[in-house]
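Enquirer: Take a look at the following structure, please.
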Amino acid sequence: MAEPIPSSSGFFLPVTILVFSFFILQLFRSLCQRYFWCNCEICRAYLSSSWTKQFGNLCDWYSHLLKNSPTNTIHIHVLGNTITANPKNVEYMLKTRFDNFPKGKPFSAILGDFLGCGIFNVDGDMWRFQRKMASLELDRYSIRSFAFEIVNNEIERRLIPLLSTFSASNRGPNGSVLDLQDVFRRFSFDSICRFSFGLDPMCLEMSVPMSEFAVSFDLASRLSAERAMKASPLVWKAKRVLNLGSERELREAINVINVLAKEVIRQKRKRGFSNHKDLLSRFMRTVNDESFLRDIVVSFLLAGRDTVASALTSFFWLMANHRDVVVAIRAEADQVIGIGPNQSLKSFKQMQELNYLKAAIYESMRLYPPIQFDSKFCLNDDVLPDGTAVKRGTRVTYHPYAMGRLEEIWGSDCAEFKPERWLKNDGVSGSSVLPENPFQYPVFQAGLRVCLGKEMAIVELMSVALSLLRRFHIKLASPPPCDTHPRFSPGLTATFSGGLPVFVEEREKI
Ligand code: HEM
136 MAEPIPSSSG FFLPVTILVF SFFILQLFRS LCQRYFWCNC EICRAYLSSS WTKQFGNLCD
196 WYSHLLKNSP TNTIHIHVLG NTITANPKNV EYMLKTRFDN FPKGKPFSAI LGDFLGCGIF
256 NVDGDMWRFQ RKMASLELDR YSIRSFAFEI VNNEIERRLI PLLSTFSASN RGPNGSVLDL
316 QDVFRRFSFD SICRFSFGLD PMCLEMSVPM SEFAVSFDLA SRLSAERAMK ASPLVWKAKR
376 VLNLGSEREL REAINVINVL AKEVIRQKRK RGFSNHKDLL SRFMRTVNDE SFLRDIVVSF
436 LLAGRDTVAS ALTSFFWLMA NHRDVVVAIR AEADQVIGIG PNQSLKSFKQ MQELNYLKAA
496 IYESMRLYPP IQFDSKFCLN DDVLPDGTAV KRGTRVTYHP YAMGRLEEIW GSDCAEFKPE
556 RWLKNDGVSG SSVLPENPFQ YPVFQAGLRV CLGKEMAIVE LMSVALSLLR RFHIKLASPP
616 PCDTHPRFSP GLTATFSGGL PVFVEEREKI
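Here our numbering is used: the first residue of the sequence shown is 136, the next is one more, and so on.
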């Protein structure tokens, strides 16, 4: 006699129980791996957060551990994470054994909904193709002077008027404070949008509400970063399937981004792009795929927005604490550009003569890199040059923030902010900026995936720094006690928690 066909509930119930048990087992395994397997001193301090008694930021604690490790490499076993500040290891993973240290699937999954197949989120051929396309465009001299044009236009038309209006309406010791970090985030969003796809979101026009694009972009970037902090990926994956809480918010933010990005592309198609200089127009001449173009738009926004705002925020924090450096930057500018705060830069070429300013910017990012650490996933078992064995699947992180504080690299004065260390002949006239060793200073990453926007970023940072320092006197609203570091909020890019509240006064009025 034929076997009776099981009823659907008789079949599905055991399967559901099986799948559910599998998920619970995976969750339990992952929690065990993270929380119960290691009882070493570092893991205990990590799990109990006892490090917070001594250090204000996780990166300061890691820097302390890395400095005291004989190999400048440590392990956080409960996170399955090897962290290194050793330049030889950095060169090995970013160049020598590049193929064995890809971004890896765990990160692609975390950022996949937001970044799609954009350059930041892919490995292999998909990455190689985009890298080639983008570097053909970004390496050109013409695109750097285009960036210079856009940035200086945004500075003259919006940034300076905004600070002037603010300073005029806030004279006197009780004037109100301006959050410079917020101003820089708006500024860099406008600049990168204009540069990347010829669109002006007008974020620096304080009278106009912050663009829906910028708000959704911030939200999607924060919520995607928070996925990485969950105890197990199963937590956010389950919430995503059920469309709950932060995952529902993320989906909604991404929907807004998708609609707006598609609209940007549609408009560009309608108006024509053959003669336009922005990056999207350049890409559209060779790429037709709509969703790929969307991913390019999003990746470039992420690349050029928060990093630049972060670099500017810490630079101005340092300037407020080092008046002697401000005086030296102004003196160099008077010599190269002409005397007086209202003399402006004439060309991109003239800017390249400002060696002391460039050195100050490099020095600022040595101590406060916008991307404090960056991780890869080891594909096959390997051994790093310092002898550290790395198992397949281990997350390996290099740590530019800690590396900027290593005596072995920078000497015994590594904790001091000294732009002169970047100048040949200690800054006497005719000196030039020494080239950095990218594996000792991986602020822009290094090796095969080195940042493609580095030159543009330097142009942007120098232009803003110069214009504001020459025209304004900027003071911290609440000066920190000596030698105190800023506190950072968790996220993909270094952000000052509480912003950068300052008083601003025009120089002629001081
Ligand atoms: C101070 C400003 C900047 C810093 C510190 C910086 C730093 C970095 C770092 C550390 C990476 C590697 C990230 C990773 O692989 O996880 C990177 C990649 C990249 N950056 Fe930048 N960046 C800056 C500005 C910019 C700007 C303005 C642009 C665009 C115009 C840009 C375009 C890119 C691109 C396209 C990549 C991906 C390269 C690849 O994967 O092959 N960056 N950047």
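Note that the Cβ used here is the ideal one computed from N, Cα and C, for glycine as well.
I want to know whether the region 356-363 touches the region 625-644 - three or more CB-CB distances under 8 Å.
Expert: yes
Enquirer: Under three-state DSSP, which class holds R606?
Expert: Here R606 sits in helix by DSSP.
Enquirer: Excluding the 5 residues preceding and the 5 following P554 in the sequence, name in chain order all residues of the same chain whose CB lies nearer than 7 Å to its CB.
Expert: Same-chain partners within the cutoff: V460, Y491, A494, A495, E498.
Enquirer: In this structure, does DSSP put V646 in helix, strand or coil?
Expert: Not covered by the structure: residue 646. The range shown for the chain is 136 to 645.
Enquirer: Can you tell me whether F631 is helix, strand or coil according to DSSP?
Expert: strand
Enquirer: Quick one: residues in its chain with C-beta nearer than 7 Å to the C-beta of G380, no 5 flanking neighbours on either side, listed in chain order?
Expert: Within the same chain, G380 has close Cβ partners K374.
Enquirer: Just the Cα atoms here: how many angstroms apart are H608 and E640?
Expert: 5 Å
Enquirer: For N128, write down the residues that DSSP places opposite it in a beta bridge.
Expert: Residue 128 is absent from the model: the chain starts at 136 and stops at 645.
Enquirer: Indicate the three-state DSSP secondary structure (helix, strand or coil) for F332 in the structure shown.
Expert: helix
Enquirer: Write down the C-beta distance between N221 and T206 rounded to the nearest angstrom, noting that I regard them as a contact closer than 8 Å.
Expert: 6 Å
Enquirer: Could you pull out every unbroken alpha helix (DSSP H) segment of at least 4 residues lying fully inside the region 250-280, listed in chain order?
Expert: 259-273
Enquirer: Could you tell me how far apart the beta carbons of S323 and V433 are, in whole angstroms, since I believe they sit closer than 8 Å?
Expert: With a Cβ gap of about 15 Å, S323 and V433 do not count as contacting.
Enquirer: Three-state secondary structure (DSSP) at S311?
Expert: coil
Enquirer: Does the separation of the CB atoms of W452 and R501 fall below 9 Å?
Expert: no
Enquirer: Applying the 10 Å Cβ sphere with the 16-neighbour rule, what's the burial state of N192?
Expert: buried
Enquirer: Give me the pocket residues for ligand 1, defined as CB within less than 6 Å of any heavy atom, sorted by chain position.
Expert: I254, F255, R266, A269, F435, A438, G439, T442, V443, A446, P505, I506, D509, V578, F579, Q580, R584, C586, L587, G588, M591, A592
Enquirer: Rounded to whole angstroms, what is the Cα-Cα separation between K481 and A303?
Expert: 27 Å
Enquirer: Beta-carbon separation of L437 and G239 under 9 Å?
Expert: no
Enquirer: Quick check on the DSSP output: the alpha helix (DSSP H) that includes S499 runs from which residue to which?
Expert: 490-502
Enquirer: Tell me the DSSP secondary structure of V518 in three-state form.
Expert: Strand at V518.
Enquirer: Taking 9 Å as the threshold (C-beta atoms), are D413 and S661 in contact?
Expert: The structure shown does not extend to residue 661, since the chain is modelled only from 136 to 645, so the question has no answer here.
Enquirer: Using DSSP with H/G/I as helix, E/B as strand and the rest coil, what is K589?
Expert: helix
Enquirer: Helix, strand or coil, according to DSSP, for K648 in the structure here?
Expert: An answer regarding residue 648 cannot be provided, because it is not within the stretch 136 to 645 covered by the chain.
Enquirer: Taking its Cβ as the centre, do 16 or more other Cβ atoms sit within 10 Å of A137, making it buried, or is it exposed?
Expert: Interpretation of A137 is limited by its pLDDT of 38, a score under 50 that renders its predicted location unreliable; the figure taken from the coordinates is listed afterwards. The residue in question, A137, is exposed, as its Cβ has fewer than 16 Cβ neighbours within 10 Å.
Enquirer: Closest by CA to V257, which one among F236, A612, S277, Y197?
Expert: F236
Enquirer: Cα separation between G634 and E226?
Expert: Between the alpha carbons of G634 and E226 lies a gap of roughly 34 Å.
Enquirer: Going by DSSP, what residue range makes up the alpha helix (DSSP H) through F418?
Expert: 414-419
Enquirer: Going by DSSP, what residues sit across from A444 in a beta bridge?
Expert: Note: A444 sits in no beta bridge, so no partner.
Enquirer: Is the separation between the beta-carbon of M454 and that of L604 shorter than 9 Å?
Expert: Their beta carbons are under 9 Å apart, which means M454 touches L604 by this criterion.
Enquirer: Nearest-angstrom Cα distance between L377 and G333?
Expert: Between L377 and G333, the C-alpha separation is close to 38 Å.
Enquirer: Measuring only the C-alpha atoms, how far is S409 from P535?
Expert: 40 Å
Enquirer: Here's the rule I'm using: 16 or more other beta-carbon atoms within 10 Å means buried, otherwise exposed. How should N572 be labelled?
Expert: exposed
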